[in-house]
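**Student:** Numbering (the numbering used here), first residue to last: 2 to 74.
Yeah, the Cβ is synthetic: ideal placement off N, Cα and C, and Gly gets one too.
Okay, here's the structure, questions in a sec.
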């Protein structure tokens, strides 16, 4: 099993690969929203979570469900 630090570095590498072309953001709020969305999409791709209701749920619906949970916290 990989060390937690290696797993974290792999996740960060994936986010950096996507954000590198977006080298400028207009505001810190915009930056936070974009990075949160990218992290959510990466989580959905890896599937380390479970949503209670259905097994066959669309990726977009998973994203919106996770985004709503993130806003409530």
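1) Return the Cβ separation of residue 41 and residue 68 in integer angstroms, given the expectation that the two are a contact with Cβ distance under 8 angstroms.
2) Are the beta-carbon atoms of residue 36 and residue 19 separated by less than 7 angstroms?
3) I'd like the list of long-range same chain contacts for residue 15, defined as Cβ closer than 8 angstroms, with 5 residues on each side in sequence excluded.
4) Does residue 13 come out as helix, strand or coil in the three-state DSSP assignment?
5) Out of 34, 63, 30, state which residue places its alpha-carbon closest to the alpha-carbon of residue 46.
**Tutor:** Let me lay it out:
1) The residue labelled residue 41 in the question sits at position 40 within the chain shown. The residue labelled residue 68 in the question sits at position 67 within the chain shown. Right, the Cβ-Cβ distance comes to about 6 angstroms (below 8 angstroms), so this counts as a contact.
2) Here residue 36 corresponds to residue number 35 of the chain shown, with the count starting at 1. Here residue 19 corresponds to residue number 18 of the chain shown, with the count starting at 1. No; because the gap between Cβ atoms is not below 7 angstroms, this pair is not in contact.
3) As a working mapping, residue 15 is identified with position 14 in the chain shown. For residue 15, where only same-chain residues beyond five positions count, the Cβ hits under 8 angstroms are 43.
4) Against the chain shown, residue 13 aligns to sequence position 12. Three-state DSSP puts residue 13 in a helix.
5) Taking the first residue of the chain shown as 1, we reach residue 46 at position 45. When only C-alpha atoms are compared, the closest one is 63.
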